[in-house]
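>
Number of protein chains: 2
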Amino acid sequence: MSEIPNEKILTKMEELLNVASDYTRLKILYAIMDEDKSVSTIIEEVGASQSLVSHQLKVLKRANLVATHKEGTKVFYKLADEHVNSLLKVVQQHAEE
Amino acid sequence: MSEIPNEKILTKMEELLNVASDYTRLKILYAIMDEDKSVSTIIEEVGASQSLVSHQLKVLKRANLVATHKEGTKVFYKLADEHVNSLLKVVQQHAEE
DNA sequence: TTGAAATATGAACAAACATTCATATAATTG
DNA sequence: CAATTATATGAATGTTTGTTCATATTTCAA
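Order-wise, the sequence lines are chains D and F. Letter 24 of the first sequence, counting from 1, is numbered 23 in numbering that gives the first Met the number 0, and no numbers are missing. Letter 68 of the second sequence, counting from 1, is numbered 67 in numbering that gives the first Met the number 0, and no numbers are missing.
What follows is the structure in structure tokens.
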């Protein structure tokens with residue numbers, strides 16, 4: 000029997016879904032799905048402006064969907080955990096049928 | 000190797016995630032997760048106004064996340080398919096840790 | 001057919017948000 | 001240091017969206 004989760008959980012769920020539910024951010028998440036990549040690489044692969052990608056990376060980071068590390072002047076982003084992967088897979092399956 | 004899905008798929012994914020990413024709609028989805036329920040029952044369990052619930056049910060219906068059938072003056076809503084269940088489970092797991 | 005119960009719809013509004021443009025900061029190299 | 005490359009930040013803006021209030025529609029019973 001699945002009850003409605005409490006407010007705290009629901010709010011967290013809402014936040015995760017909200018962050019994932021954007022065209023540009025979805026593209027970014029896929030871009031860094033298999034290996035971490037620098038911002039400039041992400042910009043290329045996603046095909047959006049430098050500013051937009053940077054802004055959206057910040058949104059993803061604030062929501063803990065991605066993690067970063069620095070190498071010289073470059074910043075590398077990767078998915079924060081496996082849940083993000085699972086989420087994308089489930090949603091993609093739904094979208095593909 | 001996971002490539003970035005094409006525009007059509009991404010747009011569908013974005014739509015599904017968008018529709019799911021709302022506090023009221025999440026509550027509604029959970030309310031009808033195990034069995035279909037009438038709008039009045041959903042209103043009670045979700046604890047939102049009649050108008051709001053009705054508006055959000057329409058959003059869920061337009062996006063094909065729920066299906067309906069009528070019995071007299073009552074309208075019953077249920078989840079449209081199993082993907083919605085899986086999606087909620089994955090997201091809830093992420094939110095609960 | 002009048003009334004009541006259940007659901008849907010439309011207008012209105014504030015709040016949130018994606019994107020762009022311009023500018024700032026940080027690190028590296030000559 | 002100056003110049004350049006990589007990334008971040010902030011303001012501005014047009015659009016979308018969640019919610020409320022008021023009203024409409026539908027179905028059934030008396």
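For glycine and all other residues, C-beta sits at the position ideal for the given N, C-alpha and C. Since we're looking at a predicted model, the values are computed, not measured.
#1: Assign F:Arg61 to buried or exposed, taking buried as 16 or more other Cβ atoms, counted over all protein chains shown, within 10 Å of its Cβ.
#2: How would you label F:Met0, buried or exposed, when you count the other beta carbons within 10 angstroms and need 16 or more for buried?
#3: Check the C-beta distance from D:Ala30 over to F:Ile41 and give it rounded, since I have them as a contact under 8 Å.
#4: How would you list, in chain order, the residues of chain D whose beta-carbon sits under 7 Å from the beta-carbon of F:Val90?
#5: From what residue to what residue does the beta strand (DSSP E) around D:Leu78 run?
#6: Could you check whether D:Lys73 and D:Ser48 sit closer than 8 Å to each other, using their CB atoms as the reference points?
#7: Quick one: grab the DSSP three-state call for F:Ala62.
#8: Along chain D, which residues have their Cβ under 8 Å away from the Cβ of F:Met26?
#9: Between D:His93 and chain F, is the shortest Cβ-Cβ distance under 8 Å, so that the two count as touching?
#10: What are the start and end residues of the alpha helix (DSSP H) that includes D:Ala30?
In brief:
#1: Here F:Arg61 is exposed: its Cβ has fewer than 16 other Cβ atoms, across all protein chains shown, within 10 Å.
#2: Counting of Cβ neighbours within 10 angstroms places F:Met0 among the exposed residues, the total staying below 16.
#3: With a contact defined as Cβ atoms closer than 8 Å, D:Ala30 and F:Ile41 miss out at about 39 Å.
#4: Under the 7 Å cutoff, chain D gives Met12, Leu15, Leu16, Leu86.
#5: In this chain, the beta strand (DSSP E) harbouring D:Leu78 covers 73-78.
#6: Taking 8 Å as the Cβ cut-off, D:Ser48 and D:Lys73 do not qualify as a contacting pair.
#7: The DSSP-derived three-state label of F:Ala62 is coil.
#8: At residue 26 of chain F the sequence reads Lys, which differs from the Met that was named. Correct list: Ile3, Leu9.
#9: Interface residue, yes.
#10: Residues 22-30.
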